[in-house]
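Residue numbers (our numbering): 4 to 91. Ideal Cβ positions, reconstructed from N, Cα and C, are used throughout, including at glycine. Here's the structure, in structure tokens; my notes come after.
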């Protein structure tokens with residue numbers, strides 16, 4: 004979310020080096036998140052089906068809360084620039 008403005012500016016010929024650095028950061032985050040998700044799936048697979056369903060509900064509820072928080076954060080960052088809809 005907070006990286007939208009540097010990418011927006013880079014697309015317009017501003018801050019190209021900053022956008023390149025952010026791309027590398029995001030690529031690194033993807034690798035870490037993939038691995039964490041993989042390890043989580045392996046752990047959950049060992050649980051009883053009822054516990055798996057409970058964990059699935061917990062994770063999706065938690066993600067919904069995180070998405071709502073991220074949207075609020077994007078409004079704080081980009082409302083003054085009229086970029087919120089694009090950033091979301």
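Through-space distance from residue 44 to residue 34, alpha-carbon basis: 15 Å
Please work out which residues of its chain come closer than 7 Å, Cβ to Cβ, to residue 18, disregarding the five sequence neighbours upstream and downstream, and give them in chain order. 9 and 12
Complete runs of the alpha helix (DSSP H) confined to the region 13-65 [at least 4 residues]: Segments of the alpha helix (DSSP H) lying fully in the region 13-65: 19-48.
Around the Cβ of residue 51, are there at least 16 other Cβ atoms within 10 angstroms (buried) or fewer (exposed)? exposed
Assign residue 86 to one of three DSSP states: helix, strand, or coil. In the structure shown, the three-state DSSP call for residue 86 is coil.
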